[in-house]
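Our numbering runs 1 ahead of the 1-based position in the sequence shown. Glycine included, C-beta positions come from ideal geometry on N, C-alpha and C. Given the structure is predicted, the values throughout are model-derived calculations rather than measurements. Everything on this sheet refers to the single structure shown next.
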Amino acid sequence: MITRGFLRRSTDSGQLIRLPPGQHVVADFPVLSAGPTPRIKTGDWSFALKDGVRPVKSWSWAEFNALPQTKMTRDIHCVTTWSKFDTAWEGVLVDDILADAGIEPPTGFTLAHSYDGYTTNVPTADLVVGKAMVATRYEGKPIPPDHGGPARLLVPHLYFWKSAKWINGLQFTKKDELGFWELRGYHRYGDPWREQRYTND
2 MITRGFLRRS
12 TDSGQLIRLP
22 PGQHVVADFP
32 VLSAGPTPRI
42 KTGDWSFALK
52 DGVRPVKSWS
62 WAEFNALPQT
72 KMTRDIHCVT
82 TWSKFDTAWE
92 GVLVDDILAD
102 AGIEPPTGFT
112 LAHSYDGYTT
122 NVPTADLVVG
132 KAMVATRYEG
142 KPIPPDHGGP
152 ARLLVPHLYF
162 WKSAKWINGL
172 QFTKKDELGF
182 WELRGYHRYG
192 DPWREQRYTN
202 D
């Protein structure tokens, strides 16, 4: 599946470039978290969509997994300078979540929420038109807790801190509300190709 927003950069000669500046390729999958790893049972998991403080719709694990499933293979890039190529994910596109809720994006700003209290802000335009999903499987298997299971946001064209682990909801906001790392000096957008790691980058 190739969607708009995921074409890799190219040089003047037309050669594809996969590695953003300042990054190095790893074969493993480093584990980085802001705090302890929560252990959420799928029977206790739910996902909610909100417009500001107003609930729009919520799904149980079974209801969420009954939504259309999409496979996506993408390169991912961590702000700590590692990149991993060809990571394979499966889950529900944000487009399909919105469609099931029967809404169009009500605002241009979104705040992702996680079970551990973590938040991160992502422009709504970076979540739709096939650009992002709530992933429930990695490399054909359930996502392990250390990597954000049972479900994590996947926004692979931005630095990986934007792909919130242990996600339990998306909240549309009227203004760009900064999340956990953004309030602590990280860039509000986080484009790897522009090296937008920190506030003034």
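- request: Using beta-carbon positions only, say whether M1 and V93 come within less than 8 Å of one another.
  value: This structure cannot speak to residue 1, because the chain is shown only from 2 to 202.
message: Can you tell me where the alpha helix (DSSP H) holding N66 begins and where it ends?
response: Judged by DSSP secondary structure, N66 falls within the alpha helix (DSSP H) whose first and last residues are W62 to N66.
- prompt: First and last residue of the alpha helix (DSSP H) that includes I98?
  reply: V95 to A102
task: Can you say whether I3 is buried or exposed, counting buried as having 16 or more other CB atoms within 10 angstroms of its CB?
output: With a pLDDT of 31 at I3, under the threshold of 50, the modelled position of this residue cannot be trusted; read the value that follows with caution. Of the other Cβ atoms in all chains shown, fewer than 16 fall within 10 Å of the Cβ of I3; this residue is therefore exposed.
DSSP bridge partner residues for Q172 (one or two, in chain order): K51 and L112
- request: Rounded to whole angstroms, what's the CA-CA distance from K175 to P107? Just pull it up for me.
  value: 9 Å
message: Check for me: the beta strand (DSSP E) holding D76 runs from which residue to which?
response: T71 to H78
- prompt: So, using beta-carbon positions, are A35 and Y119 closer together than 8 Å?
  reply: Yes. Within cutoff.
field: 8 Å contact criterion, which P31 and W194 should meet: CB distance rounded
entry: For P31 against W194, the beta-carbon gap comes to about 21 Å, at or over 8 Å, which does not count as contact.
message: Tell me the rounded alpha-carbon separation between P145 and T200.
response: 31 Å
field: Close Cβ partners of F161 (< 8 Å) along its chain, the five nearest in sequence each way excluded
entry: Excluding sequence positions up to five before and after F161, its CB lies within less than 8 Å of the CB of I77, H78, C79 and V80, all in the same chain and listed in chain order.
query: Are T74 and D87 touching if we call contact CB-CB under 8 Å?
result: In contact: T74 and D87 (Cβ atoms closer than 8 Å).
- prompt: Considering only C-alpha positions, which residue in the set G44, R185, V57 and S84 is nearest to A100?
  reply: V57
message: Can you tell me whether H148 is helix, strand or coil according to DSSP?
response: helix
query: Apart from the five residues on each side of it in sequence, which residues of its chain come closer than 6 Å, Cβ to Cβ, to G180?
result: Annotation for G180: T120, T121 and N122 place their beta carbon closer than 6 Å to its own, counting only its chain and skipping 5 residues before and after.
message: I need the straight-line Cα distance from Q197 to A67, nearest angstrom please.
response: 36 Å
message: Check for me: the beta strand (DSSP E) holding L159 runs from which residue to which?
response: Element bounds for L159: n/a, residue is neither H nor E.
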